[in-house]
Each structure stands twice: as C-alpha cells, then as structure tokens.
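Student:
Residue numbers (our numbering): 2 to 303.
Here's what the structure looks like:
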C-alpha cells in the first residue's frame, strides 16, 4: 500500500505519467498499473486523464491530502525505529518562517553538519501559517515560527526573542534627523509590509496598534529580501528583524529610525506535532536552543 500511495502522490504532483515514471525510476506502464490497482482498491477514479495532463478529481484531492499525511507518518515511524540503534544521522524535514529560515537557520545547519555530517536536512521556507500547516500535515518534522503563535494541536516552545526596528533609506525625509520620530509622523509614510499569515506582518500590525496609528498607504510584498531592496530604493519604510537588516546597516544602505516604544520584541518558537523525535531532530533542536540569537547590532550587546 505504501508503494501505491507513493506512486499516486508522485503522479498527482507531476501531473504526468511519463514525468512520474522518470522520477520513480519506473516504466510508464508500471506506473499506470499501480494507479489502476490503487483506484480499484479505493473504489473510484482519482485522476482525470487527457493527452496533455493528469489532474486530481474531487475524490483524488481527498485521497492526495491524506496520502501525504500517511506517507509522512510512515517515514517518521521508520526513522524512529532505525534511530534506536543507529548514530545521529538521516533526514530531517525543517520548516522555518522567512526571518529565521533565511538569516539564522543557515548558521545552525552549518554547525550541525560540521559535528554530525551524516544528518541530511531538507529545508522549506514559508510564512508562519504555511509552516504550521506543514507540521500539522506530517510533512515537516519541526517548524520554527515567529510571533505570538497559538495552536491547540501543535506543541509550541518559545526559545528566543527577536527585536524589530523601523528602517528606511538614508535619504528618506524621516531619516534626516537625529531626533526621535513621533508616532504621528509615521502615518503619512508609505509602509512596505509582508502578506497576511506572516509573523512579520503580525508584528507590524501589533506595532501599529501599540503606537496608535494606522498608515494610509501600504504595499504588500511576499519576501523580506524584496522589502529590503524596496526600502533601500526609497519606496517606503518597514518594520524588520534586526537579523534581517544587520548587513544593510553595516553598509549604511538602511537606517534605523528611533521611535518611542521600539524596538518591538517578538518570540521565535519551535513547533512540533509528535513527542517522539529522532536523534537527528533532537540534535538539531539542541543547537537551536543553544543559539544565542543575538546579531550584536549595537555596542555592548552579547
């Protein structure tokens, strides 16, 4: 059954029998036979076929969703059993929100692989909501998310704090003063923000609430790097993690503007679904917890 599920999921994702056969290192007739046998076992057709594509029908979408969960659980079970006797090794599927995933996680992975070269990490970057859904669907072993994240189904472990600052281009009118900026002066600025579901967007909305402001113009971008480039180009201002802006600050491409009530502080949290963890995952989590999480932007901080 697990092989049938694997073949079915691959065909569904590739939307083509030939590409699926190539991915699975099988012949196309063999893939077709697996799908036909699987559909007979389920009792209905799962795929709509044409000369140009293969697509899931309504029943297929239901089976695909659960097949992904079943395969994730099966893989996790195999890893845990193998882990009883083996060394710290094997795959880890790690999901991380953008700030942590792009600016902190690479350093932790490098340290882990230096000490445990047999570990094979796979990393998916998404917003906080997307990562939590992947962990819930057994498609990620662990997620690292931002902000005041809550879930009744996931185990959540806050492990570090992150300071966030308002940044703008050095040539921006509000950046041309050494005095603290009043909150009302920020209302007229164009704000560049992340999409809904992002931890950075949640932090920005909470900051607006705390400062008692609501900007009239906001542009929504789906990438921190794109936001930084846009702010540097003078398109607007943004609230970003100190981890994301340290390189631009050192190059004087961006400037932090002092505002009463800032920096805004949020938490990074580890989210998992199962209490059972492989040695490789336990090792990764230990390194995450040990990480100082301090980019040392300002003198005197550690």
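Idealized CB from N, CA, C, for every residue including glycine.
Where does the unbroken alpha helix (DSSP H) through residue 6 begin, and where does it stop?
Tutor: Residue 6 -> alpha helix (DSSP H) spans 3-15.
Student: Rounded to the nearest angstrom, what separates residue 303 and residue 202 at their Cα positions?
Tutor: With a pLDDT of only 38 at residue 303, under the threshold of 50, the placement of this residue in the model should not be trusted, and no figure is reported.
Student: When we look at the beta-carbon of residue 143 and count the other beta-carbons within 10 Å, is it buried (16 or more) or exposed?
Tutor: Buried, by the Cβ-count rule.
Student: When every heavy atom of the ligand ADP is checked, does at least one fall within less than 8 Å of the C-beta of residue 143?
Tutor: Looking for the ligand ADP in the displayed structure turns up nothing, as the structure carries no ligands at all.
Student: Output yes or no for whether 9 Å exceeds the beta carbon distance between residue 198 and residue 125.
Tutor: No, they are not a contact pair.
Student: Can you tell me where the beta strand (DSSP E) with residue 163 in it begins and where it stops?
Tutor: Here the beta strand (DSSP E) through residue 163 covers 156-169.
Student: Let's test the definition: count the other Cβ atoms within 10 Å of the Cβ of residue 63 and tell me whether it reaches 16, buried, or not, exposed.
Tutor: Residue 63 should be labelled exposed.
Student: Decide if residue 177 is buried, meaning its Cβ has at least 16 other Cβ atoms within 10 Å, or exposed.
Tutor: By the neighbour-count rule (16 or more Cβ atoms within 10 Å), residue 177 is not buried but exposed.
Student: On the criterion of 16 or more Cβ atoms from any shown chain inside 10 Å, does residue 231 qualify as buried, or is it exposed?
Tutor: Buried.
Student: Since residue 8 contacts residue 55 with CB under 8 Å, what's their CB separation in whole angstroms?
Tutor: That pair is no contact at about 12 Å.
Student: By the three-class DSSP mapping on this structure, what secondary structure does residue 25 have?
Tutor: Helix.
Student: Hey, residue 10 and residue 75 are a contact pair by Cβ (cut 8 Å); roughly how many whole angstroms apart?
Tutor: Going by Cβ atoms, the distance from residue 10 to residue 75 rounds to 12 Å, so no, they are not a contact pair.
Student: Between which residues of its own chain and residue 187 is the CB-CB distance below 8 Å, once the five residues before and five after are set aside?
Tutor: The residues are 167, 175, 212, 214, 216, 238 and 260.
Student: Considering only DSSP beta bridges, list what residue 218 is partnered with.
Tutor: DSSP, once it has assigned bridges, lists 191 as partnering residue 218.
Student: Give me whichever residues DSSP pairs with residue 266 in a beta bridge.
Tutor: BP columns for residue 266 point to 164.
Student: So residue 253 is in the beta strand (DSSP E); what residue range does that whole segment cover?
Tutor: Unbroken run through residue 253: none, as it is neither H nor E.
Student: Under a three-way DSSP split, which group does residue 73 fall into?
Tutor: DSSP places residue 73 in helix when its eight states are reduced to three.
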